[in-house]
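Chemist: For the sequence shown, counting from 1, position 57 maps to 1190 in the working numbering; every step adds exactly one. Just so it is clear, CB atoms sit at the ideal spot from N, CA and C, and this is done for glycine as well. Fair warning: this is a prediction, and the values are worked out from it, not measured in the lab.
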Amino acid sequence: MSVRRIVSLVRTRWPRLILGACAGLLASACSVALLATAAWLVARAAQRPSIIVLSVAVVSVRAFALGRAIFRYVERLVTHDVTLQVLSDLRVAIFRRLERLAPTGLPVFRNGDLLARLVSDVEAVQDVFLRALLPWVTGVLVALLSAAGVLLVLHSAGTVLVAVTLLVAVVVPRFTRRWSHRAEAGALEARGQLSEDVVDTFERLPELVAYGAVERRLAGLADTERRLLRHLDSAARIRGTGAAAVTLATGAAVWCALVLGVPAVRTGSLSAVLLAVVVLVPLALAEVFASLALAAGELTRGAGAAGRVVDVLDTPDPVAEPGRPSQMPAAPYDVFVAGLWARWPGQEDDALCGVDLDLPAGRRCAIVGESGSGKTTLAMALLRFLDPGAGRVTLAGVDTRELDSDAVRQVVGLLAQDAHIFDSTVWENVRLARPTATRSEVRAALGKARLLDWVDSLHDGLDTWVGEHGDRMSGGERQRLALARVLLADFPVVVLDEPVEHLDQRTADTLLTDLLGATRDRTVLAITHRLQGYEDFDEIVVLQDGRVAERGTHQELMRIDGRYRASYQQELATSRRQIA
Ligand SMILES: Nc1ncnc2c1ncn2[C@@H]1O[C@H](COP(=O)(O)OP(=O)(O)OP(=O)(O)O)[C@@H](O)[C@H]1O
Ligand SMILES: [Mg+2]
1134 MSVRRIVSLV RTRWPRLILG ACAGLLASAC SVALLATAAW LVARAAQRPS IIVLSVAVVS
1194 VRAFALGRAI FRYVERLVTH DVTLQVLSDL RVAIFRRLER LAPTGLPVFR NGDLLARLVS
1254 DVEAVQDVFL RALLPWVTGV LVALLSAAGV LLVLHSAGTV LVAVTLLVAV VVPRFTRRWS
1314 HRAEAGALEA RGQLSEDVVD TFERLPELVA YGAVERRLAG LADTERRLLR HLDSAARIRG
1374 TGAAAVTLAT GAAVWCALVL GVPAVRTGSL SAVLLAVVVL VPLALAEVFA SLALAAGELT
1434 RGAGAAGRVV DVLDTPDPVA EPGRPSQMPA APYDVFVAGL WARWPGQEDD ALCGVDLDLP
1494 AGRRCAIVGE SGSGKTTLAM ALLRFLDPGA GRVTLAGVDT RELDSDAVRQ VVGLLAQDAH
1554 IFDSTVWENV RLARPTATRS EVRAALGKAR LLDWVDSLHD GLDTWVGEHG DRMSGGERQR
1614 LALARVLLAD FPVVVLDEPV EHLDQRTADT LLTDLLGATR DRTVLAITHR LQGYEDFDEI
1674 VVLQDGRVAE RGTHQELMRI DGRYRASYQQ ELATSRRQIA
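#1: For A1172, report the span of its alpha helix (DSSP H) as first-last.
#2: When the distance is taken between beta carbons, is A1196 closer than 8 Å to P1306?
#3: If I measure Cβ to Cβ from V1442 and keep anything under 8 Å in the same chain, skipping five residues before and after, which residues do I get?
#4: Using only the heavy atoms of ligand 2, determine whether one of them is closer than 7 Å to the beta carbon of E1631.
#5: Quick one: is the Cβ of A1484 within less than 7 Å of any heavy atom of ligand 1?
#6: Below 7 Å, is the gap between the Cβ of K1508 and the nearest heavy atom of ligand 2?
#7: Can you tell me whether E1601 is buried or exposed, with buried defined as 16 or more other CB within 10 angstroms of its CB?
#8: To the nearest angstrom, how far is the alpha carbon of G1507 from that of E1574?
#9: What three-state label does DSSP hand T1271 in the structure shown?
#10: What do you reckon, is the C-beta of W1312 under 7 Å from a heavy atom of ligand 1?
#11: How many Å lie between R1576 and L1591 at the Cα?
#12: If you check the beta carbons only, do Y1466 and V1252 fall under 8 Å apart?
#13: By alpha-carbon positions, which one of W1147, L1220, D1539 and G1695 ends up nearest to S1715?
#14: Okay, do the region 1274-1283 and the region 1149-1166 touch, 3+ Cβ pairs below 8 Å being the bar?
#15: According to DSSP, is E1631 helix, strand or coil?
#16: Please name the residue, chosen from A1706, D1630, W1173 and F1469, that lies closest to T1509 on a Cα-to-Cα basis.
#17: Here's a check: name, in chain order, each residue in its chain whose Cβ is nearer than 6 Å to the Cβ of L1407, leaving out the five neighbours to either side.
#18: Closer than 7 Å: is that where the CB of G1384 sits relative to any heavy atom of ligand 1?
#19: Got a sec: does ligand 4 put a non-hydrogen atom nearer than 7 Å to the Cβ of L1277?
#20: Hey, would you say the C-beta of H1635 is under 7 Å away from at least one heavy atom of ligand 1?
#21: Can you list, in chain order, the residues of its chain with a C-beta nearer than 6 Å to that of G1546? Leave out the 5 residues immediately preceding and following it.
#22: Which partner residues does V1545 have in the DSSP bridge list?
#23: Quick one: what does DSSP say A1419 is sitting in, helix, strand or coil?
#24: In angstroms with no decimal places, state the Cα-to-Cα distance between P1268 and V1215.
#25: With C-beta atoms as the reference, is V1412 less than 8 Å away from L1391?
#26: Kindly indicate which three-state DSSP category R1315 falls into: helix, strand or coil?
#27: Alpha carbon to alpha carbon, how far is I1151 from A1439? Give it in angstroms, no decimals.
#28: Suppose contacts are defined by Cβ-Cβ distances below 8 Å. Is V1470 in contact with L1446 by that definition?
#29: Less than 8 Å between the C-beta atoms of D1450 and R1233, yes or no?
#30: At what residues does the beta strand (DSSP E) containing T1661 begin and finish?
#31: To the nearest whole angstrom, what separates the beta carbons of L1473 and A1514, a pair I think is in contact under 8 Å?
#32: P1415 and A1376: beta carbons closer than 8 Å?
#33: Report all residues from its chain with a CB closer than 7 Å to the CB of R1264; omit the five preceding and five following residues, and keep chain order.
#34: Please determine whether the Cβ atom of G1502 lies at a distance below 7 Å from any heavy atom of ligand 1.
#35: What is the rounded straight-line gap between the Cα of L1231 and the Cα of D1246?
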């Protein structure tokens, strides 16, 4: 099923695949014809006929020998070329899918496992074309054509050859597939797990070392590897048994040809010269039969991998894109959230239950609340990473479900808690937001994010390499770099999701002041645990269990005896204690 999906997915490559198959067919046909003609030539030459009788066969042997090499070369060239194209088609298709799924639809897959799907599974699927489907089709055709030739010469030997072809092409693969199915599936699963564990181990190495858990982790990895090897071993054993059965069947076909041919020569219904042909054709087919056995093994392996690739391709969209997206309206971009209910994929409970929010252009609103109260979920809904279950989000009066989600994200930008910094230069990291930006625009954005002095103090300035995940920068510098990115992208609406969360108090305070200063002229939705610093915001919304518990300005909320006032006073007392 999955293989069929993949085959139809690469429809545009069919003509080249068929061309490759034709070349392969001709190469194999030449190879069988070469041996058959050579057999006839040797046997006939033994009778010392005139050279004229042999000349056609001599020329044919040369032609088949040359043809075999040339067609095989063309086949290799065409099929390898086209399978590389298939490989890139599949990788692009998966990547596009991942782009659609990220970030909210991805958690169904584990990172490393996803990597295995993208790399080794796609390669295994590519082998389905190169090593399974093409050799199988050409092999069966050549075997049947050869059998038809033998049928004309000696009916019984031809029938045996047809039977052996069916045995080798259909019966043996069916059994090997059935027996090796579980081992192949287990191997794929174990490989995914191994890849996942290796990636995870590398990512979490500092913690593992700190807690002395490296040995245990390595033992776990070794266990998974042993499981993988066990599965690979039993799959290889079954494949080997299949290959042995094929070799046996080929040998049996040669013996049958002899046993049936010799009496036919005795009775005079077959010439002695043709006996050589009848006996040698099954031998010539040995290579073809062997490739059929290999093809069956590759198909089983490839089918499992194709299933895992198709799983990714078929994962439902976390958000439904409109068939015909509406035109993005012009500024001002008022954001309006009405009765919003939202739920994460695969979850039973709603993370937001009827939230309203009025965010006209230029307004600044803070969302506060305990961990798990639904703050990030609200941000995800505004960025259209998550569709409302009920209620709606409008942007400049248009329901965001009618807009292309990428278009929404060109207006609404996110500055998250730990923005990803790429292992590249400062310049590339900032320019990511707007690839057409000039160096002076990037510098201006860095200036507004108050990072320009730091950049200028670096040896290579803008071209300084920042290390993996921005390892060579402090947490505050990383957040400022991310802010520069947001400023360069020039989003009219900015969502700040706990942008100063992991920083020490002093750095957090100055960064927050700079952050709010730099985004003063935009619509801002600031999500925060800390309450200080947002006192002059137009509205503060307190979320609790996905519902709005309190809302109003700082002054209004301080007048009522609620959660906000209690938390604010507690926070104030803590920070006073720290200063004292
Ligand atoms: N990717 C996800 N998949 C499934 N459920 C999620 C996901 N992210 C959040 N949730 C669930 O949605 C609910 C709200 O989570 P959310 O992340 O919005 O809270 P939050 O207020 O941002 O918390 P925090 O302050 O800890 O960041 C929680 O019950 C959480 O378990
Ligand atoms: Mg959150």
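Modeler: Let me spell this out:
#1: On the sequence shown, position 39 is the one that residue 1172 refers to. Taken as a continuous stretch (DSSP letters only), the alpha helix (DSSP H) holding A1172 covers W1147 to A1178.
#2: If you number the sequence shown from 1, residue 1306 lands on position 173. If you number the sequence shown from 1, residue 1196 lands on position 63. No; because the gap between Cβ atoms is not below 8 Å, this pair is not in contact.
#3: Against the sequence shown, residue 1442 aligns to sequence position 309. Excluding positions up to five away in sequence, the list reads S1135, I1139, L1223, I1227, R1250, D1254, V1255 and V1258.
#4: By 1-based counting over the sequence shown, the position of residue 1631 is 498. Yes.
#5: Residue mapping note: residue 1484 aligns to position 351 of the sequence shown, counting from 1. Yes - ligand 1 has a heavy atom lying nearer than 7 Å to the Cβ of A1484.
#6: Reading the sequence shown from its first residue, position 375 is the one you call residue 1508. True, at least one ligand heavy atom lies under 7 Å from that Cβ.
#7: As a first step, residue 1601 is located in the sequence shown; it is residue number 468 there, counting from the start. With fewer than 16 other Cβ atoms within 10 Å, it is exposed.
#8: Taking the sequence shown and counting its residues from 1, the one referred to as residue 1507 is at position 374. Taking the sequence shown and counting its residues from 1, the one referred to as residue 1574 is at position 441. So the two alpha carbons sit approximately 36 Å from each other.
#9: Position 138 of the sequence shown, counted from the start, is the residue given in the question as residue 1271. Three-state result, T1271: helix.
#10: As a first step, residue 1312 is located in the sequence shown; it is residue number 179 there, counting from the start. No; taking the cut-off as 7 Å, the Cβ of W1312 has no heavy atom of ligand 1 nearer than that.
#11: Your numbering for residue 1576 matches position 443 in the sequence shown. Your numbering for residue 1591 matches position 458 in the sequence shown. Cα to Cα, the separation comes out at about 14 Å.
#12: The residue given as residue 1466 occupies position 333 in the sequence shown. The residue given as residue 1252 occupies position 119 in the sequence shown. Cβ atoms of Y1466 and V1252: not closer than 8 Å.
#13: Outside the shown range of the chain (1134 to 1713) lies residue 1715, about which nothing can therefore be said.
#14: yes
#15: As a first step, residue 1631 must be located in the sequence shown, where it is residue number 498. E1631 falls in the coil class under three-state DSSP.
#16: Start at 1 with the first residue of the sequence shown, and residue 1509 comes out as number 376. Cα-wise, what sits closest to T1509 is D1630.
#17: As a position in the sequence shown, residue 1407 is number 274, starting the count at 1. These residues qualify, in order along the chain: V1286.
#18: Sequence index remark: in the sequence shown, residue 1384 carries index 251 (1-based). Not under cutoff, so the answer is no.
#19: You won't find ligand 4 in this model; what it holds is ligand 1 and ligand 2.
#20: If you number the sequence shown from 1, residue 1635 lands on position 502. No, since every heavy atom of ligand 1 falls outside the 7 Å radius drawn around the Cβ of H1635.
#21: Translated into positions along the sequence shown, residue 1546 becomes position 413. Cβ within range, chain order: V1619, A1622, F1624 and V1627.
#22: Sequence index remark: in the sequence shown, residue 1545 carries index 412 (1-based). V1545 is bridged to V1626.
#23: Here residue 1419 corresponds to residue number 286 of the sequence shown, with the count starting at 1. In this structure, A1419 counts as helix in the three-state DSSP scheme.
#24: In the sequence shown, residue 1268 corresponds to position 135, counting from 1. In the sequence shown, residue 1215 corresponds to position 82, counting from 1. If I take the Cα positions, the gap works out to 15 Å.
#25: Along the sequence shown, read from residue 1 onward, the residue named residue 1412 stands at position 279. Along the sequence shown, read from residue 1 onward, the residue named residue 1391 stands at position 258. It is a contact, given that the beta carbons lie within the stated cut-off.
#26: Your numbering for residue 1315 matches position 182 in the sequence shown. Correct three-state label for R1315: helix.
#27: Start at 1 with the first residue of the sequence shown, and residue 1439 comes out as number 306. Start at 1 with the first residue of the sequence shown, and residue 1151 comes out as number 18. Those two C-alpha atoms are separated by around 21 Å.
#28: Position 337 of the sequence shown holds residue 1470. Position 313 of the sequence shown holds residue 1446. Their beta carbons are not under 8 Å apart, which means V1470 does not touch L1446 by this criterion.
#29: Residue mapping note: residue 1450 aligns to position 317 of the sequence shown, counting from 1. Residue mapping note: residue 1233 aligns to position 100 of the sequence shown, counting from 1. The answer is yes: Cβ separation under 8 Å.
#30: Working through the sequence shown from its first residue, we reach residue 1661 at position 528. T1661 -> beta strand (DSSP E) spans T1656 to T1661.
#31: Start at 1 with the first residue of the sequence shown, and residue 1473 comes out as number 340. Start at 1 with the first residue of the sequence shown, and residue 1514 comes out as number 381. Correct: roughly 6 Å between the Cβ atoms.
#32: Here the question's residue 1415 lines up with position 282 in the sequence shown. Here the question's residue 1376 lines up with position 243 in the sequence shown. Against a cut-off of 8 Å, the Cβ pair of A1376 and P1415 comes out as no contact.
#33: For this step, residue 1264 is matched to residue 131 along the sequence shown. Taken in chain order, the residues that qualify are L1427, A1428 and E1431.
#34: For the purposes of this step, residue 1502 is taken as residue 369 along the sequence shown, with counting starting at 1. Checking the Cβ of G1502 against ligand 1 gives yes.
#35: Residue 1231 sits at position 98 when you count from the first residue of the sequence shown. Residue 1246 sits at position 113 when you count from the first residue of the sequence shown. Their Cα atoms are separated by approximately 13 Å.
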